[in-house]
Amino acid sequence: MMGNGWAMGWTAIIAAGLVAVSGLSAREVHGPGFELVVIDSLDKPDGPFWFVPHDNEAAAWRVGLEALQAHGGRLVAVENAGRRMWPAPCPVSCDPNRSLGANPYGDAVIRLMSPGQPVVGLHTNAPGRRGLGAGAGTTWADARDRNVWMPRALAGFADGDALAIVAGTRPKSDAAPPCLPNFMMGGAPMLYEEVRDGGDGSMSNDLALRQPERTYVALEARHGDDDSLRALLAILMACPAYAQP
Ligand SMILES: [Zn+2]
């Protein structure tokens, strides 16, 4: 097993009975070049749509499962044998979070969402400020970055690696992202992506372009930092767009 402890992939985890014990039902959706694990809350089907596209981001998977059990809804994870990238040749991109859009994979993911269901992307990343390349330390909140909303006081999120990410087609100055006041009050930074030119194939970009009415927030922390992801989740789930009535 690799360092994250889940490198065997989601399918093996489900086969090992680690998921099916707690009011959840799991199945797989297969398409050309991709496999999705779909786990539904039997008790609370009306919760959010939890999306874990990177099979090497174990904390995202673990916190996603916790969130599904606590808040209900549906968790969709890309099954990829514990890897971040699909093996080449890849139909769109080899990155499952750069391949969303009008294609069999992107359409399959969108079809798994209920009308009006809010979406939460869950990710982990390498520590920032190192320039390690895509998916490895390039996503972090810098107070000097004009695309970041920074709270007055960072409550345990001072390294900038734990943050919320939203996207839209308007300039940041015109954007009114969901839950921004909650993250500012909660002491966590929020990063804004202005989507241009058809987007980058990420979930945030795809929804901003194809389903702009749908609520989407991504939560991201360092690899293995379950606690920061949980802290971000707690802020998010107090936000009216996500909180259950
Ligand atoms: Zn990721």
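Every letter in the sequence shown is one number past the one before it in this note's numbering, and letter 211, counting from 1, is 221. From the three backbone atoms N, C-alpha and C, an ideal C-beta is built for every residue, glycine too.
Residue i classed as buried or exposed, judged by whether at least 16 other C-beta atoms fall within 10 angstroms
i	result
residue 125	exposed
residue 55	exposed
residue 241	buried
residue 69	buried
residue 53	exposed
residue 72	buried
residue 195	exposed
residue 33	exposed
residue 81	buried
residue 133	buried
residue 157	exposed
residue 223	exposed
residue 167	buried
residue 184	exposed
residue 302	Since the displayed the chain opens at 11 and closes at 255, residue 302 lies outside it and no answer follows.
residue 207	exposed
Segment limits, beta strand (DSSP E) that includes residue i
i	result
residue 230	226-232
residue 119	Unbroken run through residue 119 is the alpha helix (DSSP H), 114-121; no beta strand (DSSP E).
residue 60	59-62
residue 7	For the chain, the structure presents residues 11 to 255; residue 7 sits outside this window and is missing.
Per-residue DSSP class, three states only, for residue i
i	result
residue 171	coil
residue 133	strand
residue 154	coil
residue 51	strand
residue 35	strand
residue 102	coil
residue 242	helix
residue 40	strand
residue 75	helix
residue 85	strand
residue 190	helix
residue 197	coil
residue 69	helix
residue 91	coil
residue 177	strand
Boundaries (first-last residue) of the alpha helix (DSSP H) holding residue i
i	result
residue 162	Taken as a continuous stretch (DSSP letters only), residue 162 belongs to no alpha helix (DSSP H), as it is neither H nor E.
residue 213	213-220
Nearest-angstrom Cβ-Cβ length linking residue i and residue j, presumed shorter than 8 Å
i	j	result
residue 228	residue 175	4 Å
residue 43	residue 60	Not confirmed; about 22 Å, so no contact.
residue 165	residue 197	3 Å
residue 137	residue 171	6 Å
residue 251	residue 188	4 Å
residue 128	residue 191	Actually they are not in contact, since the Cβ atoms of residue 128 and residue 191 sit about 16 Å apart, beyond 8 Å.
Problem set entry | Given 8 Å, three or more beta-carbon pairs between the stretch 93-101 and the stretch 191-207 | no
Problem set entry | Any 3 or more C-beta pairs closer than 8 Å across the stretch 209-218 and the stretch 229-241 | Note that the stretch 209-218 does not touch the stretch 229-241; fewer than 3 beta-carbon pairs, one per stretch, sit closer than 8 Å.
Exercise. When the Cβ atoms of the stretch 52-69 are set against those of the stretch 77-91, are three or more pairs found closer than 8 Å?
Worked result: Contact holds: three or more Cβ-Cβ distances are below 8 Å.
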